[in-house]
Structures are given as C-alpha cells and as structure tokens.
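Chemist:
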Amino acid sequence: MVRAPYFDKNGVKKGAWSREEDDKLREHVEKYGLWNWREIPKFAGLSRCGKSCRLRWMNYLRPDVKHGNYNEEEEDLILKLHEKHGNKWSLIAAKLPGRTDNEVKNYWHTHLKKRSVKKQNTLVLKEKCSGHTSESEGSQMKKEMEARTVVSYTPSNPILESTPLSPETSCNELSNLSTDFCSKTSCVSGLKLE
DNA sequence: AAAGTTCACAACCGCAGTAAC
DNA sequence: AGTTACTGCGGTTGTGAACTT
805 MVRAPYFDKN GVKKGAWSRE EDDKLREHVE KYGLWNWREI PKFAGLSRCG
855 KSCRLRWMNY LRPDVKHGNY NEEEEDLILK LHEKHGNKWS LIAAKLPGRT
905 DNEVKNYWHT HLKKRSVKKQ NTLVLKEKCS GHTSESEGSQ MKKEMEARTV
955 VSYTPSNPIL ESTPLSPETS CNELSNLSTD FCSKTSCVSG LKLE
C-alpha cells in the first residue's frame, strides 16, 4: 500500500516509515518539541529529510490525529466546505477536529468526489430541464447530451476515468458526466454548455 | 487459480508565501 | 531591495489489498 523504503542518491531514506523511525521521531518531538524540521532528523538519528519528518508527524504521529471512521456528519461537512472553498484542504481540515489536510484530501478523492460530481450534475440537469418547457426541446436536449457523451469519452477525460461505468449506466448518467467534464474544462470538445 | 483491474491511502514533488539575513 | 532558507499546501504518484474476470 505504501512505497517501499529506499535511499536516494544523497543517502536520504524515502518511502514507508518503519515503526522504529516513528518511535524515534515521536520520542524526539515529545522531548524537545518542534523547533526546526531540517535539524530534527539529524538530532533524532533519522536518515530522513525534514520535509518527510514534518509530513509524518503532522499526518500520523501527532497524538490528536484520528484515522478513518468518517461519520456522515463529517462527510457532509467536507462536501459543504469543499463546495464553498474548493480544494482548500487545510481550510477544510481545520474545521474537522483530528483530521489532516492530507487525509481529507485522500478521502474526498476516493469517496466523496463521485458524490459531489453526481450532485452537481443533477443540479445542472435540473436547471437545464426547467429551462426547456416543450417536449421537442426536451428530446432535442437529450439527443444533444447523448452526442456529447460520445464526443467526451476519451482516455484523457478525468471525470470518466475517475468514475467507473457499468453497462447499466444510463444515458442520463453518462450525459451528466460529460456535462460536468465540459463545464470543468471550458468544454474541450467545443460544445459549450451555458 | 491466475491474471488483470480498481481502490485506497501513504508519501513524494514542486511551488508559493514568508521570515531572516 | 535582493537573496536564501524554511514551512505549508495542493497535486500527483506508487504500491499493496481487494475485487473481478
């Protein structure tokens, strides 16, 4: 699950942290506090760069950090805050006690992104549908969106790449995905959605 | 059972902001 | 005012586990 430990050309260790390294860092920080991340690894007897130590401490070793087990409240809060602030992970994490920006970011990408995209697409579709009153306009729009789905389905489409599609995926869902991608990328395929 | 694919997440990289000199 | 060093942030990558074919 994590990168295997290795040494770079400068003899600095990288990759997954061992239990022993964690203990050394924790012990040093508890004893002397946080003062200079560049110096801490030297004094703690670690072959790591300061940046790596800082990340390890901030995200996993800090005593107040909790891992996993996100409840619904937290999920909703992340979604709301992301809607409001965008990818300001440190800002979002600050509102969630015990959560780190890295963890929130990972959680959003793996669990909440799909929900967020779907929600946005539903809203966009609702708005568009409410603007088309006649039946012919509605069916015309449906055709248009289905056409966009074909145009937008390329390997470079990040939304589609990140969203698994089953054979049962409806045309509407596909349209939603392409719609979202278009709006996000200023419509690469040249079909603009206003 | 083996091979291929997707998921989950720890860790790295590069950049920007800021403080110190 | 310019340069350097340090820190923090967000994007991205690497890889083992889990799942599917």
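Going by the working numbering, the first residue of the first sequence is number 805, and it counts up by one from there. Just so it is clear, CB atoms sit at the ideal spot from N, CA and C, and this is done for glycine as well. In this text the structure is predicted, and so the values were computed from the model without any measurement.
Taking only three categories from DSSP, how would you classify Tyr-836?
Modeler: Residue state, collapsed to three classes: helix.
Chemist: For a quick check, are the C-beta atoms of Tyr-911 and Tyr-874 less than 8 Å apart?
Modeler: Going by C-beta atoms, Tyr-911 is nearer than 8 Å to Tyr-874.
Chemist: Check Lys-870 in the structure and name its three-state DSSP category.
Modeler: Coil at Lys-870, not helix or strand.
Chemist: With which residues is Lys-818 paired in a DSSP beta bridge?
Modeler: According to DSSP, which records beta bridges pairwise, Lys-818 is partnered with Tyr-810.
Chemist: Lys-888 by DSSP, collapsed to three states: which one?
Modeler: It is helical.
Chemist: Express the C-alpha separation of Tyr-864 and Arg-823 in angstroms, rounding to a whole number.
Modeler: Taking the straight line joining both Cα atoms gives about 12 Å.
Chemist: Quick check on the burial criterion: 16 or more other C-beta atoms within 10 angstroms. Buried or exposed for Trp-839?
Modeler: Classification of Trp-839: exposed, given that the 10 Å Cβ count is below 16.
Chemist: Measure how close the beta-carbons of Trp-893 and Asp-905 come, nearest whole angstrom, since I'm counting them as under 8 Å.
Modeler: That belief holds up - the Cβ atoms of Trp-893 and Asp-905 are roughly 4 Å apart, short of 8 Å.
Chemist: Helix, strand or coil: how does DSSP classify Thr-904 here?
Modeler: Coil.
Chemist: If you run the structure through DSSP and keep just helix, strand and coil, what is Gly-849?
Modeler: It is coil, neither helix nor strand.
Chemist: Quick one: measure Cβ to Cβ for Asp-826 and Lys-818, integer angstroms, because I've assumed they're closer than 8 Å.
Modeler: The pair is not a contact, with the Cβ atoms about 15 Å apart (cut-off 8 Å).
Chemist: Quick one: using the 10 Å Cβ neighbour count with 16 as the cut-off for buried, is Ala-808 buried or exposed?
Modeler: Ala-808 is exposed by the Cβ-count criterion.
Chemist: Looking at the structure shown, is Trp-841 part of a helix, part of a strand, or coil, going by DSSP?
Modeler: Correct three-state label for Trp-841: coil.
Chemist: Grab me the residues of Ala-897's own chain with a C-beta within less than 7 Å of its C-beta, minus the 5 sequence neighbours each way, in chain order.
Modeler: Result list for Ala-897: Arg-903, Thr-904, Asp-905 and Val-908, in chain order.
Chemist: Looking at the secondary structure, which residues open and close the alpha helix (DSSP H) in which Leu-895 lies?
Modeler: Residues 893-898.
Chemist: Would you kindly work out how many angstroms separate the C-alpha atoms of Ile-844 and Glu-931, rounded to a whole number?
Modeler: Cα to Cα, Ile-844 sits roughly 55 Å from Glu-931.
Chemist: Using three-state DSSP, classify Asn-910 as helix, strand or coil.
Modeler: Here Asn-910 sits in helix by DSSP.
Chemist: Could you check which residue in Pro-901, Leu-883 and Lys-888 has the C-alpha nearest to that of Lys-918?
Modeler: Among Pro-901, Leu-883 and Lys-888, the Cα nearest to that of Lys-918 is on Leu-883.
Chemist: Does DSSP put Asn-875 in a helix, in a strand, or in coil?
Modeler: DSSP places Asn-875 in coil when its eight states are reduced to three.
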